[in-house]
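The opening position of the sequence shown corresponds to residue -3 in the numbering used here, with each subsequent residue numbered one higher.
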Amino acid sequence: MHLELSELLACPSCGPRHGVVVSVDRIERRRVLEGFLSCPTCESRFPIRGGVIEFGTESGPEGEPAADASATRTAVAGRAAGGAGGGDGPGSDDALRLAALLDLREGGGFVLLGRGLYGAAAGTAELAPGVELLALVGVREAVVRAPRVSSAAGVSETSLPLRDLRLRGAALRGGGAAALVEATRTVRPGGRVIVLRPTSETLEATADLPLEVVVAEEAAIVALRR
């Protein structure tokens, strides 16, 4: 987790107005590898293990506890460590599409990648050298460290642990209106909100949000935050 990301994060229990404090046990090059986030309001703690923020207590199909799921993910990640972190490289279709639709050619800031997009995170980061990505992952999903990619597990797209108007952009894959509302809330004016493979419900929801739709196709919606 990038150290500065803590300034954008919020307590998932108390809501987006309540920030969190990071406590560091191990850090390398401004990336927190071990530690925890804590909420000064409700005193909840969220561990950071192997650089991954663990917000939820999402269970596996057999009711596996979150701690065991974390160990499973870490073990899988260890076996995958010989490959590229975040899956596909910069030449992959998803990475190229995300970098182009989010307009990441220059500048900095943080960009959210929703569930199902972690595989393109490393490739997208390589195409956008000034940008830091926050990718949402499943509790058991293998996570391999990659430059400028932070990861968070156990997060619902309909209740993002992020403060208002802080992100440069956000990308979702599918999802419904509630996920689009949350993504829009987190993006600052002038930023981009995109949805790959949108549903008809998602397109209809844009009319009630502070978004200017510039592309509305079967493959993607691209909108500017007003």
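Where a beta carbon is used, it is the ideal one built from N, C-alpha and C, also for glycine. As the structure is a prediction and not an experimental result, all values here were calculated from the model.
(message) Between the stretch 13 to 25 and the stretch 98 to 114, can you find at least three pairs of beta-carbon atoms closer than 8 Å?
(response) no
(message) Could you tell me the alpha carbon to alpha carbon distance between R222 and F51, rounded to whole angstroms?
(response) Going by C-alpha positions, R222 is about 29 Å away from F51.
(request) Let me know the secondary structure DSSP gives R188 once reduced to three states. (result) Three-state result, R188: strand.
(message) As a quick exercise: from P194, A148 and R193, pick the residue whose alpha carbon is nearest that of L132.
(response) A148
(message) Counting beta carbon pairs with one atom in the stretch 142 to 156 and one in the stretch 111 to 129, are three or more of them shorter than 8 Å?
(response) yes
(message) Please give the ranges of any alpha helix (DSSP H) in the stretch 121 to 194, keeping only runs that are unbroken, at least 4 residues long and fully inside the region.
(response) Fully enclosed alpha helix (DSSP H) runs of 4 or longer: 173 to 182.
(request) Tell me, please, whether the stretch 30 to 47 touches the stretch 188 to 196 by the rule of three or more beta-carbon pairs shorter than 8 Å. (result) no
(request) Note the first and the last residue of the continuous alpha helix (DSSP H) segment covering L4. (result) Element bounds for L4: n/a, residue is neither H nor E.
(request) Could you give the DSSP three-state label for G119: helix, strand or coil? (result) helix
(message) Taking a contact to mean a Cβ-Cβ separation below 8 Å, would you say V48 touches V139 in this structure?
(response) yes
(request) Have a look at L4, R26 and L98 and flag the residue whose alpha-carbon is nearest the alpha-carbon of G165. (result) L98
(message) Mapping the DSSP letters down to three states, classify R25 as helix, strand or coil.
(response) coil
(message) For A96 and A167, what's the separation of their Cα atoms in angstroms?
(response) 12 Å
(message) In the DSSP output, which residue or residues are listed as bridge partners for L108?
(response) L130 and A166
(request) Could you tell me if D160 is buried or exposed, where buried requires 16 or more neighbouring beta carbons within 10 angstroms of its beta carbon? (result) Note on D160: under 16 other CB atoms within 10 angstroms of its CB, so exposed under the neighbour-count rule.
(request) Determine the DSSP secondary structure at L207, reduced to helix, strand or coil. (result) For L207, the three-state secondary structure derived from DSSP is strand.
(request) Use the C-beta contact count for S223: other C-beta atoms within 10 angstroms, 16 or more gives buried, fewer gives exposed. (result) The requested residue 223 is not part of the displayed model; the chain covers only -3 to 222.
(request) Pick out whichever of R136, R162 and A179 has its Cα sitting closest to the Cα of E303. (result) The question about residue 303 has no answer here: the residues shown for the chain are numbered -3 through 222.
(request) Starting from the C-beta of R184, find all residues in its chain whose C-beta is less than 6 Å away, skip the five residues before and the five after it, and write them out in chain order. (result) L161
(request) Whole angstroms is fine: what's the gap from A116's alpha carbon to L130's? (result) 12 Å
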